[in-house]
Structure formats: structure tokens, C-alpha cells
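Residue numbers (the numbering used here): 21 to 514.
All C-beta atoms in this analysis are idealised placements derived from N, C-alpha and C, irrespective of residue type, glycine included.
Because the structure is a prediction, the values reported are computed rather than measured.
Reading through the C-alpha cells given below for one structure.
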Amino acid sequence: MTFNNYIDGRWVPSRSGKVFENRNPADQRDLIGLFQESTPEDASDAIAAAARAYRSWRLVPAPRRAEILFRAAQIIADRKEAFAHDMTREMGKVLEEARGDVQEAVDMTYFMAGEGRRLYGQTVPSELPNKFAMSIRQPVGVCSVITPWNFPMAIPSWKIVPALVCGNTVVFKPASLTPMSAINFVRVLEEAGVPAGVVNLVTGGPEVGTVLATHPDISVVSFTGSTAVGRIVNQHAASSFKKVHLEMGGKNVVMIMDDARLDLAVEGCLWGGFGTTGQRCTAASRVVVHEKVYDAFVEQFVARAKGLRVGNGLDASVQVGPSVSEGQLSTVVTYVGIGRTEGARLLAGGHRLADGEYANGFFHEPTVFGDVTPSMRIAQEEIFGPVVAVMRCRSLEDAVAIGNGVEYGLSASIYTRDVDQAFAAMRDMYTGIFYVNAPTIGAEVHLPFGGTKATGNGHREAGTAALDVFSEWKSIYVDFSGRLQRAQIDTENL
Ligand code: NAD
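Printed below as a string of C-alpha cells:
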């Protein structure tokens with residue numbers, strides 16, 4: 021089946037006449053569909069439609085915009101099972117997690133629809149008599165939404181829904197590995213009543229993304245993906261002063277102190293390290309363990325990692341699905357080789373799985389390296405696969421120094437029963453997200469999401485913080501004194 025772009029309220033093919041295939045990473049024989057290999061001209065058409073639609077959409081009262089979004093949330097909830105199934109087929113995460121991804125889109129859409137009756141500004145007293153002062157959020161214009169494949173419905177919802185509730189219009193380019201989930205989401209918005217041109221979808225690669233980052237009619241670029249591509253997007257958008265929101269890579273850490281409940285920590289590290297096959301920006305790819313409990317932790321963790329069931333995510337007994345693509349799998353294989361060469365001790369896994377049920381997919385054993393030192397590349401660089409690096413520490417200070425000693429700053433966590441240590445770590449880890457007695461994954465939609473350093477550029481998505489990306493503040497002064505009143509000057513004569 022061939023799927024089209026969605027431009028100005030119509031499902032249309034690319035001007036290129038070309039399509040690309042989307043295949044199941046667990047079984048390459050399974051073709052999900054053919055999708056449009058779009059051109060820069062297709063992207064420009066979508067931007068023009070979004071710019072036209074902005075003229076009227078920005079004037080629709082926010083509570084009315086939100087009514088459409090409430091309907092959309094309900095439709096997604098009603099189709100959760102079908103959407104999760106499509107998602108597992110196209111990107112491999114196990115069905116239970118795909119349901120969670122869809123649920124996150126439901127939660128975000130309800131949450132942001134609620135903002136339609138808030139979008140709070142401030143009213144403040146003026147320093148002058150007979151003068152009124154307030155601030156309001158105003159929409160920004162046409163927003164580019166560029167997304168990765170690892171949360172194929174959740175991440176688009178984090179961007180598109182707040183953009184819409186604020187009164188902006190959108191051109192959306194999903195990752196080429198997960199266009200089906202993007203189409204499922206946009207179809208829902210269409211069905212819920214989003215007017216023509218307000219949301220546009222263009223599938224394709226970097227040439228489409230480049231237009232979305234450079235076109236003069238784009239006001240906001242919201243990007244989630246790798247740090248390398250985020251840097252390019254940022255540079256492309258800089259010369260025209262677009263508002264750029266970047267969510268990029270991570271190298272997240274779980275710190276396990278000597279008073280931690282080890283059973284809980286093991287459970288958390290398994291979920292944090294191997295959930296979504298390690299392909300989460302918040303994946304717990306580093307574990308730093310106090311030397312007093314290092315051996316005990318490693319023994320339990322390795323035994324449990326070896327017992328994880330790898331396979332096709334549509335099989336309910338499977339705990340770890342495939343890597344998303346041949347390219348991602350080869351990155352994993354390369355880093356396992358690097359870890360060995362660097363002298364880390366391979367404690368579990370370490371091999372590609374290619375026989376029997378694995379013959380047609382991109383599978384790799386859940387892999388644990390021990391005796392890792394903080395400067396090794398496997399402890400510094402984002403792998404984005406089922407590989408966990410375990411390190412020793414002597415104290416909380418030591419753990420925090422190792423934890424902060426990477427270029428990224430997305431998520432971190434601590435396992436301890438000592439409230440003093442927990443609060444010190446909360447204060448000292450320079451990340452955007454922090455957990456106590458839980459792994460590095462598990463964000464909820466109503467708190468800000470994002471990271472520091474090479475993970476982000478100071479913006480946040482989710483929560484009301486997302487509204488700051490998709491709106492601009494306007495301060496308004498209304499003088500009803502009937503005379504000229506000069507701020508900072510006429511106050512002296514009062
Ligand atoms: P990617 O950077 O390869 O691609 C992201 C998107 O950018 C895709 O839609 C891609 O087609 C597009 N793109 C590629 N080149 C472009 C260009 N020159 N101009 C504009 N757009 C371009 O990332 P990916 O492999 O899809 O996703 C994995 C990465 O995403 C990981 O690094 C992961 O940490 C990160 N991620 C971060 C977060 C977060 O919130 N911090 C969340 C999820 C994923």
C-alpha cells in the first residue's frame with residue numbers, strides 16, 4: 021500500500037514520483053508500506069499551505085482549538101491497540117511499550133487541550149495611575165516539527181499539540197523509519213476537525229529537513245534527534261533568527277549507593293538499560309555502583325540480563341525487540357568491539373543474533389560490560405542499543421563526578437535509602453531530569469522534559485514549559501488616564 025503526504029488538507033503524492041519502503045525490523049520480509057520520497061518543493065508547498073492557514077487559525081479562540089484536540093485525544097485512545105500494533109511492526113519496540121507510546125500521545129493531547137482554557141499570562145499593577153498592565157502569549161507562526169523514530173507517536177504529539185493549541189500551524193517531517201505512526205497521528209487530527217493547512221505532513225529525508233530549518237516562512241523549528249543533526253539544524257536556522265528547540269542525545273546514568281535496595285536497582289537497570297532495546301534518549305546506558313556492593317549488583321544484574329527474552333515485539337513473551345535498522349545494529353556491533361578493545365570486561369551478551377527466528381531481523385544480545393572506566397568511549401558516547409556499561413565508585417561525590425562527566429545532560433537517577441544522599445544528588449547532577457529509586461526513564465507529560473549541555477539548547481517540551489517554545493510573550497500596557505504618563509519619570513510626582 022502507498023501512503024501520501026498531507027498538504028493543505030489533501031493526501032497527495034510527492035512531486036518526485038518516488039517512494040521509499042518501510043519494513044519491519046524484526047522481520048524484513050514484512051513490508052508495512054510505501055511512503056513518499058519528498059522533495060524540497062513538496063516541503064515548500066506544505067509551508068505555503070501552513071502560512072495561509074495561519075491567518076485564520078491564530079484567530080480561532082483557544083478553547084475552540086482545544087475542543088478539536090480533546091476529540092483527537094479520544095480518537096487516539098479508541099485506536100490505541102491498532103496504533104500500537106502498527107508501531108511495533110515499523111520500529112520493533114515490544115507491544116506493551118508501543119501501547120505506552122500511544123498512551124503518551126493521548127496524555128499529552130488531553131493535557132495540552134486543557135491549556136486551551138488556560139494559556140495563562142499575568143496581570144500586574146502598573147507603577148502609574150489609571151494604567152493597566154498584562155502579558156499574553158501570542159502564537160509565533162508556522163512551526164517545523166522534525167522527529168526521530170524511537171517514540172514515533174509520543175514525540176510528534178509533544179510538539180504538534182502544544183503548537184496547535186497556541187494558535188500556530190505545523191509542517192511535520194517524521195523519521196523515515198516510522199512514517200506509518202506519523203500518518204496515523206495526522207489522520208486523527210484530520211478526523212477530529214483540524215482545518216485544512218493547519219497541520220501538514222511531508223515524509224522524506226534530510227533535504228526535506230533542510231527546507232524546514234531554513235525556509236523564511238518558518239518561525240519555529242522543533243527538532244528531536246541526534247546531537248550531530250541538531251547542530252546542523254541549529255546552524256541552518258541561525259541566520260534567519262528562527263526560534264529553535266532542540267532535544268538531542270543522552271548518556272544517562274544510574275548511581276547505586278551502598279545502602280540501596282539492590283533488587284530494586286537491578287530491576288530498574290534492566291528496564292532502563294534494555295527497555296526499547298536501549299533506544300531511548302533517556303536509556304540507562306551507564307550504571308555507577310558503590311564498590312562495596314559492586315560484585316553483588318553485577319552478579320544479579322548479569323544473570324537477569326542473560327535471561328531476557330529477545331525477539332519480535334509482537335510476541336507477548338518477548339522483552340527486548342530488535343534494533344530499528346541495519347545501521348543502528350551495526351553501531352551496536354561496532355561499540356561492542358570498541359568496548360572489548362578498550363579493555364572493558366564483557367559480562368553478558370556481545371553478539372548479533374542472526375539464526376532461526378532472528379534470521380530476518382536486526383537482533384542483538386542484551387550486553388553488559390563490567391570494569392568500565394569513565395573515560396572509555398562506551399562510557400562517553402551514545403550507543404542507542406542494548407549495551408550497558410557498569411563502573412565502580414567510592415562515594416556519592418565520586419558517582420556524581422562520573423555521572424556529570426559526559427557531554428550530555430538528559431537524565432540521571434540514584435538508588436539510596438539515605439535522604440541526605442538523595443537530596444545532594446538531586447542538587448548536584450546537572451541534568452534536565454532526575455529520579456530517586458527509579459531508573460532514568462519514565463517521564464510524565466505534565467512536567468518539563470529535556471536536557472542540559474549537548475542534549476538541549478535551553479528549551480523544554482511537555483508541561484507548560486512547552487508553551488514557551490510555541491508562543492511569544494507580549495506585554496501590553498493600557499493607559500486610561502487621558503494624558504501622557506512616562507514610566508520611570510512621572511512616578512516621582514505622584
Ligand atoms: P537523527 O538525528 O538521525 O534524525 C532525526 C530527524 O532529523 C529525522 O526526522 C531525520 O530525517 C531528520 N534529519 C536528518 N538530517 C537532517 C538535516 N540535515 N536537516 C534536518 N533534519 C534532518 O536521529 P534518529 O536516529 O532519528 O533518532 C535517534 C536520536 O534521537 C538519538 O540521538 C536520541 O538520543 C535522540 N532523541 C532525543 C530525545 C530527547 O528528547 N532528548 C528523544 C528521542 C530521541
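Give the DSSP bridge partners of Thr143, in chain order. Taking the first residue of the sequence shown as 1, we reach residue 143 at position 123. BP columns for Thr143 point to Met154.
Let me know the secondary structure DSSP gives Met173 once reduced to three states. Taking the first residue of the sequence shown as position 1, residue 173 is located at position 153. Note: Met173 maps to coil in three-state DSSP.
Exposure label - Glu267; buried when at least 16 CB within 10 Å: One-based indexing of the sequence shown puts residue 267 at position 247. Glu267 is classed as buried because its beta carbon has at least 16 other beta carbons within 10 Å across all chains shown.
Looking at Thr230 and ligand 1, is the gap between the Cβ and the nearest heavy atom below 8 Å? On the sequence shown, residue 230 is found 210 positions in, with the first residue counted as 1. Short note on Thr230: C-beta closer than 8 Å to some heavy atom of ligand 1.
is_contact[Pro226, chain B] using C-beta, thresh 9 Å: Among the protein chains of the structure shown there is no chain B, as only one such chain exists.
Nearest by alpha-carbon distance to Val114: which of Ala336, Asp278, Ser177 and Val218 is it? Locating residue 114 in the sequence shown gives position 94, counting from the first residue. With distances taken between Cα atoms, Val114 lies closest to Ala336.
Measure the CB-CB distance between Val162 and Val240 and report whether it falls below 9 Å. Stepping through the sequence shown from its first residue, residue 162 is reached at position 142. Stepping through the sequence shown from its first residue, residue 240 is reached at position 220. Val162 places its beta carbon less than 9 Å from that of Val240.
Taking the straight line between their C-alpha atoms, what separation do you get for Cys413 and Val32? The residue you call residue 413 lines up with position 393 of the sequence shown. The residue you call residue 32 lines up with position 12 of the sequence shown. Here the alpha carbons of Val32 and Cys413 stand approximately 57 Å from one another.
Quick one: give me the first and last residue of the alpha helix (DSSP H) that Phe317 is part of. Taking the first residue of the sequence shown as position 1, residue 317 is located at position 297. Annotation: the continuous alpha helix (DSSP H) that includes Phe317 extends over Tyr314 to Lys326.
So, with DSSP's three-state summary, where would you put Gln48? The residue given as residue 48 occupies position 28 in the sequence shown. If DSSP states are grouped into helix, strand and coil, Gln48 belongs with the strands.
Hey, is the region 136-147 in contact with the region 75-92, meaning 3+ C-beta pairs nearer than 8 Å? With the cut-off at 8 Å, the region 136-147 and the region 75-92 touch.
For Ser259, count neighbouring C-beta atoms within 10 Å of its own C-beta (all shown protein chains included) and say buried if the count is 16 or more, exposed if not. Mapped onto the sequence shown, residue 259 falls at position 239. Within a 10 Å sphere around the beta-carbon of Ser259 sit fewer than 16 other beta-carbons, which makes this residue exposed.
What does DSSP give as the partner residues of Gln56 in its beta bridges? Numbered from its first residue, the sequence shown carries residue 56 at position 36. Beta-bridge analysis with DSSP links Gln56 to Val39.
Per-residue burial, Gln441 [other beta carbons within 10 Å of its own, 16 or more giving buried]: Here residue 441 refers to the residue found at position 421 when the sequence shown is read from its first residue. Taking a 10 Å sphere around the C-beta of Gln441, we find 16 or more other C-beta atoms and assign the residue as buried.
Exposed unless 16 or more other CB atoms sit within 10 angstroms - verdict on Ala248: As a working mapping, residue 248 is identified with position 228 in the sequence shown. Per the 10 Å Cβ criterion, exposed.
Excluding the 5 residues preceding and the 5 following Ala316 in the sequence, name in chain order all residues of the same chain whose CB lies nearer than 8 Å to its CB. The residue labelled residue 316 in the question sits at position 296 within the sequence shown. The residues are Leu282.
Sorry if obvious, but does the Cβ on Ala458 come closer than 8 Å to a heavy atom of ligand 1? Translated into positions along the sequence shown, residue 458 becomes position 438. For Ala458, the distance from the CB to the nearest heavy atom of ligand 1 is not below 8 Å.
Is there contact here, the region 197-208 with the region 153-160, by at least three beta-carbon pairs under 8 Å? Contact fails: fewer than three Cβ-Cβ distances are below 8 Å.
Restricting to Cα atoms, I'd like to know which of Ser431, Thr230 and Pro60 is closest to Gly476. Numbered from 1 along the sequence shown, position 456 holds the residue referred to as residue 476. Ranking Ser431, Thr230 and Pro60 by Cα distance to Gly476 puts Ser431 first.
Throw me the rounded Cβ distance for the Ser501 and Pro145 pair, which I believe falls under 8 Å. For the purposes of this step, residue 501 is taken as the residue at position 481 of the sequence shown. For the purposes of this step, residue 145 is taken as the residue at position 125 of the sequence shown. For a cut-off of 8 Å, the C-beta gap from Ser501 to Pro145 is around 14 Å, too long to register as a contact.
Whether Ile166 touches Thr59 by CB criterion (9 Å): Taking the first residue of the sequence shown as position 1, residue 166 is located at position 146. Taking the first residue of the sequence shown as position 1, residue 59 is located at position 39. No, they are not a contact pair.
Would you give the residue range spanned by the alpha helix (DSSP H) that Leu232 belongs to? Translated into the one-based positions of the sequence shown, residue 232 becomes position 212. Element bounds for Leu232: Pro226 to Thr234.
Less than 7 Å between C-beta atoms, sequence neighbours within five positions excluded: which residues of the same chain meet that for Lys473? In the sequence shown, counting from the first residue as 1, residue 473 sits at position 453. Scanning its chain for C-beta atoms nearer than 7 Å, with the 5 sequence neighbours on each side dropped, one finds around Lys473 the residues Glu427, Tyr428 and Gly429, in chain order.
DSSP beta-bridge partners for Phe189? Walking along the sequence shown from the start, residue 189 turns up at place 169. The residue you asked about is not Phe; residue 189 is Thr in the sequence shown. For Thr189, DSSP records a beta bridge to Val162.
Any non-hydrogen atom of ligand 1 closer than 8 Å to Met173 Cβ: On the sequence shown, residue 173 is found 153 positions in, with the first residue counted as 1. No, the beta carbon of Met173 sits no closer than 8 Å to any heavy atom of ligand 1.
Alpha carbon to alpha carbon, how far is Ser343 from Ser201? Taking the first residue of the sequence shown as 1, we reach residue 343 at position 323. Taking the first residue of the sequence shown as 1, we reach residue 201 at position 181. Approximately 17 Å between the Cα atoms of the pair.
Three-state secondary structure assigned by DSSP to Met275: Working through the sequence shown from its first residue, we reach residue 275 at position 255. In the structure shown, Met275 sits in a strand (DSSP, three-state: E or B).
Would you call Ala323 buried or exposed, if buried means 16 or more other Cβ atoms sit within 10 Å of its Cβ? As a first step, residue 323 is located in the sequence shown; it is residue number 303 there, counting from the start. Answer is exposed; the Cβ neighbour count stays below 16.
Does the beta-carbon distance from Phe389 to Arg372 come in below 9 Å? Numbered from 1 along the sequence shown, position 369 holds the residue referred to as residue 389. Numbered from 1 along the sequence shown, position 352 holds the residue referred to as residue 372. Not a contact, by the Cβ cut-off of 9 Å.
So does Cys163 have its beta carbon nearer than 8 Å to some heavy atom of ligand 1? Here residue 163 corresponds to residue number 143 of the sequence shown, with the count starting at 1. No, the Cβ of Cys163 stays beyond 8 Å of every heavy atom of ligand 1.
Under a three-way DSSP split, which group does Arg75 fall into? Translated into the one-based positions of the sequence shown, residue 75 becomes position 55. Helix at Arg75.
Exposed or buried, what is Ser34 when buried is set at 16 or more other beta-carbons lying within 10 Å of its beta-carbon? Stepping through the sequence shown from its first residue, residue 34 is reached at position 14. With 16 or more other Cβ atoms from the protein chains shown falling within 10 Å of its own Cβ, Ser34 counts as buried.
With DSSP run on the structure shown, which of helix, strand or coil describes Val330? As a first step, residue 330 must be located in the sequence shown, where it is residue number 310. It is a strand residue.
Could you tell me the alpha carbon to alpha carbon distance between Leu416 and Asn272, rounded to whole angstroms? As a first step, residue 416 must be located in the sequence shown, where it is residue number 396. As a first step, residue 272 must be located in the sequence shown, where it is residue number 252. In a straight line, the C-alpha of Leu416 is about 16 Å away from that of Asn272.
DSSP beta-bridge partners for Phe454? The residue labelled residue 454 in the question sits at position 434 within the sequence shown. Paired residues: Ala432.
Roughly how many angstroms separate the alpha carbons of Lys38 and Glu57, rounded to a whole number? Stepping through the sequence shown from its first residue, residue 38 is reached at position 18. Stepping through the sequence shown from its first residue, residue 57 is reached at position 37. A straight line joining the alpha-carbon of Lys38 with that of Glu57 spans about 5 Å.
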